[in-house]
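Only one structure is covered here, and it is reproduced in the block below.
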């Protein structure tokens, strides 16, 4: 029986690596300083290695997130359920393209999108 909570061991996890092009949009997204793409990439690789070591299958999304550095935060635009993904609607206007990015990534991984929130949510 599938378990859906925030404390059970991860079996499969969706992540997005920091893209150098996306990181260039840091000012528009309210980041306090410019990120170091090399360091961000290395930290993300280490994070993925820890997930694999913990026994999770890591699904790395690769749909373009041009100039959206926040797209690395995959928890925000999607709610995962046992039946599939529910696309959310970010409050930050700049992030409103992220659910479509996540949908493309999840579709490629065989995860169905079962619902999506739209305006005014």
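Residue numbers (the numbering used here): 1 to 121. Built from N, CA and C at the ideal position, the CB exists for glycine as well.
Cβ neighbours of residue 104 in the same chain (closer than 7 Å, five flanking residues each side left out): Along the chain shown, read from residue 1 onward, the residue named residue 104 stands at position 104. Excluding residues within five positions, the ones whose Cβ falls inside 7 Å are 63.
What do you reckon, are the CB atoms on residue 87 and residue 116 nearer than 7 Å? Residue 87 sits at position 87 when you count from the first residue of the chain shown. Residue 116 sits at position 116 when you count from the first residue of the chain shown. Yes.
Can you round the beta-carbon distance between residue 57 and residue 16 to whole angstroms, since I take them to be within the 8 Å contact cut? Taking the first residue of the chain shown as 1, we reach residue 57 at position 57. Taking the first residue of the chain shown as 1, we reach residue 16 at position 16. At roughly 16 Å, the Cβ-Cβ gap does not stay under 8 Å, so residue 57 and residue 16 are not in contact.
Which word fits residue 70, buried or exposed, when buried means at least 16 other C-beta atoms lie within 10 angstroms of its C-beta? Working through the chain shown from its first residue, we reach residue 70 at position 70. When all chains shown are included, residue 70 counts as buried.
Residue range of the unbroken alpha helix (DSSP H) whose run includes residue 52: As a first step, residue 52 must be located in the chain shown, where it is residue number 52. First-last of the alpha helix (DSSP H) with residue 52: 37-53.
How is residue 86 classed by DSSP in three states: helix, strand or coil? In the chain shown, the residue the question calls residue 86 occupies position 86. DSSP places residue 86 in strand when its eight states are reduced to three.
What is the DSSP secondary structure of residue 72, counted as helix, strand or coil? As a position in the chain shown, residue 72 is number 72, starting the count at 1. Helix, per DSSP.
Pick helix, strand or coil for residue 114, following the three-state DSSP scheme. By 1-based counting over the chain shown, the position of residue 114 is 114. Reduced to three states, the DSSP call for residue 114 is strand.
Per-residue DSSP class, three states only, for residue 10: To locate residue 10, count along the chain shown from 1; it is residue 10. Coil.
In terms of residues, what are the limits of the beta strand (DSSP E) holding residue 57? Your numbering for residue 57 matches position 57 in the chain shown. Residue 57 -> beta strand (DSSP E) spans 57-61.
CB-CB under 7 Å to residue 53, same chain, minus the five flanking residues each way: which ones, in chain order? Taking the first residue of the chain shown as position 1, residue 53 is located at position 53. Excluding positions up to five away in sequence, the list is empty.
What are the boundary residues of the alpha helix (DSSP H) that residue 107 is part of? Residue numbering aside, residue 107 sits at position 107 when the chain shown is read from its first letter. Residues 98-108.
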